[in-house]
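Here the sequence shown is numbered in numbering that gives the first Met the number 0, starting from 0 and rising by one per residue. For every residue, glycine included, the Cβ atom is placed at its ideal position computed from N, Cα and C.
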Amino acid sequence: MSDSNDLFVREDPIFVNKELLEISHVPDEGRIVGRDDEIGQLASAVNPAIFGQSPSNVLIYGKTGTGKSLCAKYVSNRLVDTAHEEGTKAAYVYVDCAQDSTETQTVQTIASSVNTSETDIYIPDKGISTATYYKRLWRILDDAYDVLLIILDEIDKLEDDAILMQLSRAGEAGKLKNCKIGVIGISNKIKYKDRMDERVKSSLCEREFVFPPYNATQLNAIMEARSDAFRNGVLEEAVIPRASALAAREHGDARKAIDILRYAGEIAQSTGADTVREEFIVRARERAEVDRFQELIRGSTPHSKYVLQALTVLSLDNGTPEPETFEQGFRTTRIYEVYEQICRQETVESLSLRRVRDLLKEHAFLDVIEQSRHSGGSAEGSYTEHMLLEDPEVVKSVLADSID
Numbered sequence: 000m001s002d003s004n005d006l007f008v009r010e011d012p013i014f015v016n017k018e019l020l021e022i023s024h025v026p027d028e029g030r031i032v033g034r035d036d037e038i039g040q041l042a043s044a045v046n047p048a049i050f051g052q053s054p055s056n057v058l059i060y061g062k063t064g065t066g067k068s069l070c071a072k073y074v075s076n077r078l079v080d081t082a083h084e085e086g087t088k089a090a091y092v093y094v095d096c097a098q099d100s101t102e103t104q105t106v107q108t109i110a111s112s113v114n115t116s117e118t119d120i121y122i123p124d125k126g127i128s129t130a131t132y133y134k135r136l137w138r139i140l141d142d143a144y145d146v147l148l149i150i151l152d153e154i155d156k157l158e159d160d161a162i163l164m165q166l167s168r169a170g171e172a173g174k175l176k177n178c179k180i181g182v183i184g185i186s187n188k189i190k191y192k193d194r195m196d197e198r199v200k201s202s203l204c205e206r207e208f209v210f211p212p213y214n215a216t217q218l219n220a221i222m223e224a225r226s227d228a229f230r231n232g233v234l235e236e237a238v239i240p241r242a243s244a245l246a247a248r249e250h251g252d253a254r255k256a257i258d259i260l261r262y263a264g265e266i267a268q269s270t271g272a273d274t275v276r277e278e279f280i281v282r283a284r285e286r287a288e289v290d291r292f293q294e295l296i297r298g299s300t301p302h303s304k305y306v307l308q309a310l311t312v313l314s315l316d317n318g319t320p321e322p323e324t325f326e327q328g329f330r331t332t333r334i335y336e337v338y339e340q341i342c343r344q345e346t347v348e349s350l351s352l353r354r355v356r357d358l359l360k361e362h363a364f365l366d367v368i369e370q371s372r373h374s375g376g377s378a379e380g381s382y383t384e385h386m387l388l389e390d391p392e393v394v395k396s397v398l399a400d401s402i403d
C-alpha cells in the first residue's frame, strides 16, 4: 500500500478557496454583481421588519440562475443584523419547496429551524399532526421573535396553497399576537400566481419583482468576483470571457456559469494541468449540463424515464441541425407509440395513454419539455405537442446511465 504521504495531496495546485464556486455559498455584498436594483427593491419591501413591523410579502420571478435565492438570502441576512442593532429580535428561514412540498413538511421545517433551547418546545421530525406543528410554531414565534422572514424557494412546487394561507393570515386570524411574519416566495414560473387561491394572492403578492437573465458582461463580472477561488496565475486570460460568453448565449444562468468555471478547474486537476485553459471550458459545459439534468430527473420513476426516452428518440431521429435549439414538437400519440416500443424492449407493461399524458405534464412542470396546444381544424380537433428543451444527446446519455 502507498505511503500516506503519497496518497493525499496536501496542497491543491488549482483551488485556494473552492467554496466560492459552490451554489450554496452566499457571497459578500461586493461579490453580488448586476443586482443592485433588485436588492434595493427587496430591502425596501421588508424594511419595516427592522422596527418590529410587518414586512411586505414578496413574490420573486425569474429563470434559474438569475440571483433570486442569492439576493433573498443576502437581504434577509442583512435585515436580521440591522434589526438586532435596533433592538428587534428577527430571524429568517429558508425552505426548499422542491424538497419540502407538503404543508406538513413545510411547517415542520420552519418550526424546527426557528426553535431554540430557550423555548422548551419539542419539534419532532414526524409523529404529530399538522395542526400541532402550527400551534407549536406560533408559540415559538410569539415567545422568541418580533419578526420572521420565510423564504419559500421554488414555491410553485408546493402541493397546495394551505401553508401560504396559514402564513399570510396568521396575524389577521389571531394565531400570532407578538411576532410579525413576512413571506418571500421565489418561482421560476412567471404564471405561477395565476393558479393561486384568490385569498392567498391578495395577501402574498403585495410586491412582485422579476429578475432578468444575466448578460455576458454581468456573467463575466460574477466570475471575476469569484476568481480568487483559484490560485494566482492558474486561470488563463481567455477562460472567464469564454465561459461568460457561452453561458450568456445559451441561458444567462449564473449558476451554470459558475458550475462551468468550477468544472474547468476540476478538469485541470484531474489531467495534471498547471493552469485552467480555455479548451477545458467546452468539456466543463458538457459536464455541467449532464449533472444538471441528472439532478432534474433524480427520483423519477422508470416509466417517467421511458416517456422522456421516447421523446428523446423522436428528437434525435428528427435530426435537429442546431444543438442549441430543439424546436421540433411531437404529438402525444406519437410519443406514446415510441413509449410502447420501449416498454416492450424493457419487457414491462406499458401505462395507459392518459397516464403518459400526466407524466409528460410532470416533465413540462420541471421545464424538461415544453408543451403547446394546436388546432387541427374541424377534422382533427385540438392536440398537444411536446418539445424537448434539453440537448437530446445529453438526455440520451443521462437516461442510458439511469435506466441501466
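Cβ neighbours of residue i in the same chain (closer than 7 Å, five flanking residues each side left out)
{"i": "A287", "result": "K255, D258, I259, Y262"}
{"i": "V32", "result": "Q217, A220, I221, A224"}
{"i": "K156", "result": "C96, A97, S100"}
{"i": "C178", "result": "L140, D141, Y144, D145, V146, L147"}
{"i": "E323", "result": "Residue placement at E323 cannot be trusted, given a pLDDT of 42 that sits under 50; what the coordinates show is reported in the next sentence. The answer, listed in chain order, is E249."}
{"i": "I120", "result": "N114, R135, R138, I139"}
{"i": "A309", "result": "I334, V337, Y338, I341"}
{"i": "H444", "result": "Because residue 444 is not part of the residues shown, which for the chain are 0 to 403, the question remains open."}
{"i": "R282", "result": "I266"}
{"i": "L20", "result": "R225, A228, I257, L260, R261"}
{"i": "S243", "result": "A215, L218, N219, M222, A256"}
{"i": "R241", "result": "E277, I280"}
{"i": "R356", "result": "T331"}
{"i": "L295", "result": "L365, V367"}
{"i": "Q165", "result": "Y133"}
{"i": "R284", "result": "L245, I259"}
{"i": "T87", "result": "I49, F50, G51, D145, V146"}
Residues that residue i bridges to, as DSSP identifies them
{"i": "R330", "result": "E384"}
{"i": "E207", "result": "L58"}
{"i": "V146", "result": "A89, K179"}
{"i": "D152", "result": "D95, I185"}
{"i": "V275", "result": "L234"}
{"i": "F14", "result": "F229"}
{"i": "I368", "result": "L387"}
Residue i (DSSP reduced to helix, strand or coil)
{"i": "V57", "result": "strand"}
{"i": "R225", "result": "coil"}
{"i": "S299", "result": "coil"}
{"i": "H250", "result": "coil"}
{"i": "H373", "result": "strand"}
{"i": "L19", "result": "helix"}
{"i": "K174", "result": "coil"}
{"i": "F325", "result": "Unreliable placement is indicated for F325, whose pLDDT of 43 sits below 50; the coordinate value is still reported in the next sentence. Coil, per DSSP."}
{"i": "A169", "result": "coil"}
{"i": "N214", "result": "coil"}
{"i": "Y121", "result": "coil"}
{"i": "P320", "result": "Model confidence at P320 stands at a pLDDT of 43, short of 50, so the residue's coordinates are unreliable and nothing is read from them."}
{"i": "T270", "result": "helix"}
{"i": "P26", "result": "coil"}
{"i": "Q52", "result": "coil"}
{"i": "L157", "result": "coil"}
{"i": "V347", "result": "coil"}
{"i": "M164", "result": "helix"}
Beta-carbon proximity check, residue i vs residue j, cutoff 8 Å
{"i": "V337", "j": "L313", "result": "yes"}
{"i": "T129", "j": "T103", "result": "yes"}
{"i": "I180", "j": "G170", "result": "yes"}
{"i": "D252", "j": "T63", "result": "yes"}
{"i": "S202", "j": "S167", "result": "yes"}
{"i": "L234", "j": "V182", "result": "no"}
{"i": "V199", "j": "V289", "result": "no"}
{"i": "I185", "j": "A71", "result": "yes"}
{"i": "D160", "j": "D196", "result": "yes"}
{"i": "Y213", "j": "T65", "result": "yes"}
CB-CB length for residue i against residue j, believed under 8 Å
{"i": "L78", "j": "V45", "result": "6 Å"}
{"i": "E369", "j": "M386", "result": "5 Å"}
{"i": "I122", "j": "A110", "result": "5 Å"}
{"i": "D193", "j": "S68", "result": "That belief does not hold up - the Cβ atoms of D193 and S68 are roughly 22 Å apart, past 8 Å."}
{"i": "I49", "j": "A82", "result": "5 Å"}
{"i": "A215", "j": "A247", "result": "4 Å"}
{"i": "A228", "j": "V15", "result": "7 Å"}
{"i": "S303", "j": "L358", "result": "5 Å"}
{"i": "V92", "j": "I149", "result": "5 Å"}
{"i": "Q268", "j": "I22", "result": "Contact flag wrong, Cβ pair sits at about 19 Å."}
{"i": "G328", "j": "S371", "result": "6 Å"}
Neighbourhood of residue i by C-beta distance below 6 Å, restricted to the same chain and skipping five residues each side
{"i": "S55", "result": "A44, E205, R206"}
{"i": "T311", "result": "P391, V394, K395"}
{"i": "S349", "result": "E339, C342"}
8 Å CB neighbourhood of residue i in its chain, flanking five on each side removed
{"i": "L388", "result": "F325, D366, V367, I368, E369"}
{"i": "I189", "result": "Y60, V209"}
{"i": "T346", "result": "none"}
{"i": "T118", "result": "R138, I139, D142, A143"}
{"i": "A237", "result": "E277"}
C-beta neighbour in chain B for residue i, strict 8 Å
{"i": "F329", "result": "The structure shown contains no chain B; it holds only a single protein chain."}
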